[in-house]
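Using the working numbering, you'd call the opening residue of the first sequence number 1 and step up by one each time.
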Amino acid sequence: MSAYETIYNIVRQIPYGQVATYGQVADLANLPGRARFVGYALYRVAPDSDIPWHRVINAKGEISESPVRYGSDYLQRSLLEAEGIQLSPQGKISLRKYRWRSELKG
DNA sequence: CTAATGACGTAGA
DNA sequence: ATCTACGCCATTA
């Protein structure tokens, strides 16, 4: 059981039409303050994986763009819009509305 | 074992 | 809101 598998487990729990921040996923994965691990874990995940990686965004409500993704960041935005999530012209997401409220945390 | 990497978060200005 | 700087520590070569 790698630490990443725990993160993947959390990401799979994100319901349709909602998003979670890296910090939130890290917290749910019992890894407080290890938000970087979440991002690094998703980096290992393949775009065609069964993990809803596109529902994970940063605390600013934006999609993390990085050259290592080779455009998968654009794909993420498309997937989010496909789920009914509205993005601001700047690519921001209203965490106030779409943030996944964990059942475990209350 | 060491060195480098990394889709982030928080605090201060 | 924007920018700068530091911390976090598993994973990989």
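The beta-carbon is built from N, C-alpha and C at its ideal position, and this holds for glycine as well.
Check: From which residue to which residue does the alpha helix (DSSP H) around Q76 run?; Outcome: 72-82
Check: By the three-class DSSP mapping on this structure, what secondary structure does E62 have?; Outcome: strand
Check: Considering only their Cβ atoms, is the gap separating V38 from Y22 smaller than 8 angstroms?; Outcome: yes
Check: May I ask you to report which of helix, strand or coil DSSP gives V56?; Outcome: strand
Check: Going by the beta-carbon positions, is the gap between A124 and L42 smaller than 8 angstroms?; Outcome: The first residue shown for the chain is 1 and the last is 106, placing residue 124 beyond what the model contains.
Check: My guess is that I63 and D73 are in contact by the Cβ rule of under 8 angstroms, so how many angstroms apart are they, rounded?; Outcome: 5 angstroms
Check: Excluding the 5 residues flanking S66 on each side, which residues of the same chain have their C-beta closer than 8 angstroms to its C-beta?; Outcome: D73
Check: Report the residue from I57, G91, G71, L79 whose alpha carbon sits nearest the alpha carbon of V25.; Outcome: I57
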